[in-house]
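Chains as they are written, first to last, in numbering that gives the first Met the number 0: chain A, 0 to 51; chain B, 0 to 372; chain C, 0 to 314.
Just so you know, even glycine gets a beta-carbon here, dropped at the ideal spot from N, CA and C.
Keep in mind the model is a prediction, meaning the values are calculated, not measured.
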Amino acid sequence: MEYMGIERDRLHMSWVSSAEATKFIDVVTRVTEAVRALGPNQHFVKQKAKVA
Amino acid sequence: MAGKAASPSVNSFKAVKVNAMTLVTIDKKSWAAGLTTAADAYGLFGPVKEKDYHQFKALEKGEMPDLNMVNTRLSPKSLLFPQSEEMLEYSLDESREDHHIMKEVARDDSPRAIIGIRPCDAKATLLVKLNFDTPDVKDPYWLNAYEATTFIGMACDTPLSTCFCTTAGCGPYHEEGLDMLVMDQGEAYLAKILTEKGKAFADAAGWKAPSEDAAAFDAGKKAAEGRIVSSVKTDNLADTDLLELHAAPFWDDVAFACLNCGTCTFSCPTCWCFDIQDEVHGKAGVRMKNWDSCMFPIFTVHTTGHNPRDTKTQRVRQRFMHKLKYFVDKYDAGIMCVGCGRCVRQCPVNIDIRRVCELMNSFKPEDTCAVQG
Amino acid sequence: MSGYTEKMRDIAGRLLKECAVDMVIGFRKGTMPMMNEPCFVTKPEDVQSLVWDSNCGINLANYLANRKEKIAIFAKGCDSRNIVTHITENKIERDQLHIVGVPCTGMIDKRKITGMVAGEILEVSETENTIKVKTSDAETLLDKKDVLQQNCALCIHRNPVIHDEMVADPVQEQTDIDRYAEIHKIEEMETEDKWRFFDDLLSPCIRCYACRNACPLCYCPTCFVDESKPQWVGKGQDPIDVRTFHLLRAYHCAGRCTDCGACERACPVGINMRLLTRKLEKDCQEQFGWEAGLSPDQRPALDVYKANDPEAFIK
Numbered sequence: 000m001e002y003m004g005i006e007r008d009r010l011h012m013s014w015v016s017s018a019e020a021t022k023f024i025d026v027v028t029r030v031t032e033a034v035r036a037l038g039p040n041q042h043f044v045k046q047k048a049k050v051a
Numbered sequence: 000m001a002g003k004a005a006s007p008s009v010n011s012f013k014a015v016k017v018n019a020m021t022l023v024t025i026d027k028k029s030w031a032a033g034l035t036t037a038a039d040a041y042g043l044f045g046p047v048k049e050k051d052y053h054q055f056k057a058l059e060k061g062e063m064p065d066l067n068m069v070n071t072r073l074s075p076k077s078l079l080f081p082q083s084e085e086m087l088e089y090s091l092d093e094s095r096e097d098h099h100i101m102k103e104v105a106r107d108d109s110p111r112a113i114i115g116i117r118p119c120d121a122k123a124t125l126l127v128k129l130n131f132d133t134p135d136v137k138d139p140y141w142l143n144a145y146e147a148t149t150f151i152g153m154a155c156d157t158p159l160s161t162c163f164c165t166t167a168g169c170g171p172y173h174e175e176g177l178d179m180l181v182m183d184q185g186e187a188y189l190a191k192i193l194t195e196k197g198k199a200f201a202d203a204a205g206w207k208a209p210s211e212d213a214a215a216f217d218a219g220k221k222a223a224e225g226r227i228v229s230s231v232k233t234d235n236l237a238d239t240d241l242l243e244l245h246a247a248p249f250w251d252d253v254a255f256a257c258l259n260c261g262t263c264t265f266s267c268p269t270c271w272c273f274d275i276q277d278e279v280h281g282k283a284g285v286r287m288k289n290w291d292s293c294m295f296p297i298f299t300v301h302t303t304g305h306n307p308r309d310t311k312t313q314r315v316r317q318r319f320m321h322k323l324k325y326f327v328d329k330y331d332a333g334i335m336c337v338g339c340g341r342c343v344r345q346c347p348v349n350i351d352i353r354r355v356c357e358l359m360n361s362f363k364p365e366d367t368c369a370v371q372g
Numbered sequence: 000m001s002g003y004t005e006k007m008r009d010i011a012g013r014l015l016k017e018c019a020v021d022m023v024i025g026f027r028k029g030t031m032p033m034m035n036e037p038c039f040v041t042k043p044e045d046v047q048s049l050v051w052d053s054n055c056g057i058n059l060a061n062y063l064a065n066r067k068e069k070i071a072i073f074a075k076g077c078d079s080r081n082i083v084t085h086i087t088e089n090k091i092e093r094d095q096l097h098i099v100g101v102p103c104t105g106m107i108d109k110r111k112i113t114g115m116v117a118g119e120i121l122e123v124s125e126t127e128n129t130i131k132v133k134t135s136d137a138e139t140l141l142d143k144k145d146v147l148q149q150n151c152a153l154c155i156h157r158n159p160v161i162h163d164e165m166v167a168d169p170v171q172e173q174t175d176i177d178r179y180a181e182i183h184k185i186e187e188m189e190t191e192d193k194w195r196f197f198d199d200l201l202s203p204c205i206r207c208y209a210c211r212n213a214c215p216l217c218y219c220p221t222c223f224v225d226e227s228k229p230q231w232v233g234k235g236q237d238p239i240d241v242r243t244f245h246l247l248r249a250y251h252c253a254g255r256c257t258d259c260g261a262c263e264r265a266c267p268v269g270i271n272m273r274l275l276t277r278k279l280e281k282d283c284q285e286q287f288g289w290e291a292g293l294s295p296d297q298r299p300a301l302d303v304y305k306a307n308d309p310e311a312f313i314k
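Set out below in structure tokens:
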């Protein structure tokens, strides 16, 4: 995704066990902050289909 | 069906023929100036080079069509029949009074002209018209665009080795489907005005210098036809039994290499199949029409999941049978092919319609008859 | 590769006469310059139609998936790696195949050659190292190494990795090849430039799916773009849908692609979609030391777990 032009911080991957509530909160906080910092996604968003 | 001159040809188009043939000469400066002037009254489309290939595109103001092309990669059929086209729109927002009501999409059917269309592609338009304009059913999307279009053809003086138009019902100076045919005389263009539409365009462009040089067209035509080196034979297709041809032994061999991609059908000026799709984003929906291809397995999948054309051989046979047999039988207007050679040049695995046509045309179902007899 | 044709006809004739196989898959001479057509032969008397030259770029492994016959197939280096992948992925049984290895010195790039000469190309002939191109008013002699398909110029597995017999002795493998120079360049671009680069790259796409269908890896009974229940991707020409198709197609080839170049060769509008598949090839190479299709005894990178697998992307 990054290679194709989607910002690195928009996509996150994490492993969280059901017993790791604290880690889950950390991850969610980190992801939210990172994505918020980037602002709304400008690419790879399809509104009404473009026709040609 | 070159031999059947008397067959009802595809000339039911509304563009009224002008009685006395009018020739005008257009020096190359007036050509550019005329197009610029005509652009006030017409949207202009023409071939332009993009990346490695020529394509038909809307011309920007002042942009000139590049007539130094032989064949565009895709045919200009997309100007009347876009690859994706919106048909209807609707809203799923129940707070609106008109929710769930299909509405026509606003369309631009103002006059436009295709500059530099080749005679083969123009003839193809008339073959496509047989499908979109029938006595019972009329496709308003295609027809409105067609009615709005003036076809300014460019005679084809340098055909390719894969052009076989002269044996596919047209030719490098063929006039069917055109409103004006233009030939390049080096210093100037010589234009033959063929219809009222063509005359209106010439007037709008201010091309008025008359010419008497009808012989130039005849000579050009003869020379260009002499440069066509490729041909197909189609004389037996109509008389060969349909089911026998369908059961012919060569289809597995013809189809083996086929990838079932859409290159041949998408590049073909006469392929007209489409699929209708709804796309909804949020509460706004559109119903659109997209090119489809008989090469794709899902082309024939039923809602039950059953696919009557489940194998590659069946699909390849369908394409060639439609072009070279079903169409011939149904319309008696020749084959559904104008010999532009695009599928021949572009097929990734070199399946050649000329070879298949030869197999079909020379097919003699003797063995099968003997068994049945 | 001159002389291969005769040898191939001998081999095919022998195998069919001995009834060692039901069919032989190879190429027959095309009707266009620089084109040959994949074909099959089932009778010894028909082997004369088989040919081999530098225009056999279509990957014949593509014609094997799910076949039930006993088949002899001619396999270049890349084809043989895709045959290995087919065997690993249970698309064909090793016992069904008689693999005739074809040491390959590369296939020529018809688009590149077309761009190098003026006028329509009427005839192309070749010797071991040269390509002669004839147009209506000129003859041009080209060095074969200058007009190879790019994937062939970058190829490091010209010899078949699996075979039952060979058409000729192995050829010299190319060394000191930087397979990923272009990929590095894209990786170094700014995010916005990357997005624009791929927008531009994919803009001519007409969604004919020739790239997908020419690929031996794409054998799903129903491709995700063709699914309608649910429908994953729009079917029109919206650039997002076009990009989704290309991106996902490339992902589905991750760790499987042999860079045979069939996709790029098949594309009617000249898109180099290998820029996507090669990025994934590079990642598999760098992160898992994996090259696809080298041996049927190895499990692919994406279906094994190793304790030292890189996991920096998991946060």
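DSSP, read as helix, strand or coil, puts G4(A) in coil. Taking one beta carbon from each stretch, the region 80-92 of chain B and the region 34-43 of chain B have fewer than 3 pairs nearer than 8 Å; the two do not touch. Residues of the region 33-49 of chain A with a Cβ closer than 9 Å to any Cβ of chain B, in chain order: K45, Q46, K47, A48 and K49.
A distance below 9 Å separates the beta carbons of I192(B) and L22(B). Each residue's CA atom was taken as its position, placing I120(C) and M33(C) some 9 Å apart.
Distance check between Y62(C) and each of S53(C), G233(C) and L96(C) places L96(C) closest, using alpha-carbon atoms only. Within the region 201-238 of chain B, complete beta strand (DSSP E) segments of at least 3 residues are not found at all. Measuring C-alpha to C-alpha distances from Q276(B) to each of G233(C), I91(C) and P299(C) identifies G233(C) as the nearest.
Distance from the Cα of V34(A) is smallest, within the candidate group R7(A), Y2(A) and Q46(A), for R7(A). Given a length threshold of 4 residues, each whole run of the alpha helix (DSSP H) inside the region 82-124 of chain C is given here in chain order: 109-115. At a Cβ-Cβ threshold of 9 Å, Y208(C) and C222(C) count as neighbours.
The region 64-75 of chain C makes no contact with the region 241-254 of chain C: fewer than 3 CB pairs, one atom from each, lie closer than 8 Å. Per DSSP, the beta-bridge partners of F150(B) are I113(B). For chain C, the residues of the region 297-321 of chain B that bring a beta carbon within less than 7 Å of one of its beta carbons are I297, in chain order. At least 9 Å separates the CB of Y218(C) from every CB of chain B. Counted as a single uninterrupted DSSP element, the beta strand (DSSP E) harbouring I70(C) occupies residues I70 to A74. Distance from the CA atom of K75(C) to the CA atom of C103(C), rounded to whole angstroms, is 6 Å.
By the beta-carbon neighbour count (other beta carbons within 10 angstroms, threshold 16), F216(B) is buried. Around the C-beta of R318(B), 16 or more other C-beta atoms lie within 10 Å, and the residue is accordingly described as buried.
With the criterion set as a beta carbon lying under 8 Å from some beta carbon of chain A, the members of the region 219-236 of chain C are G233, G235 and Q236, in sequence order. In this structure, V101(C) is the residue among C266(C), K69(C), V303(C) and V101(C) with its C-alpha nearest to the C-alpha of Q171(C).
Taking each of A31(B), S230(B) and D274(B) in turn and checking the Cα distance to K288(B), the smallest one comes out for D274(B).
Relative to A254(B), the option among R314(B), M179(B) and S230(B) whose CA is nearest is R314(B). I72(C) has its alpha-carbon roughly 9 Å from the corresponding atom of A11(C). 9 Å or more divides the Cβ of I334(B) from the Cβ of V228(B).
Assigned with DSSP and collapsed to three states, H251(C) falls in helix. The way I'd put it, the region 115-122 of chain B does touch the region 176-188 of chain B; three or more beta-carbon pairs between them come closer than 8 Å. Under the DSSP definition of a beta bridge, V132(C) partners with V123(C) and T139(C). Close to chain A, meaning a Cβ-Cβ distance shorter than 8 Å, are the following residues of the region 283-294 of chain B: A283, V285 and M287. Counting only the Cα atoms, L200(C) lies some 41 Å from T133(B). Distance from the CA of D258(C) to the CA of K198(B), rounded to the nearest whole angstrom, comes to 55 Å. Excluding its 5 nearest sequence neighbours in each direction, V181(B) has C-beta neighbours in its own chain below 6 Å: M153, Y188 and A190, listed in chain order. For the region 70-83 of chain B, residues whose beta-carbon sits nearer than 9 Å to a beta-carbon of chain A comprise S77, P81, Q82 and S83. Close partners of F44(B) in chain C (Cβ separation under 9 Å) are lacking, with about 17 Å as the shortest Cβ gap. Contact between the region 154-171 of chain B and the region 199-212 of chain B is absent, with fewer than three C-beta pairs closer than 8 Å.
In summary, the residues of the region 273-293 of chain C whose CB is separated from some CB of chain A by less than 7 Å are K278, in the order they occur in the chain.
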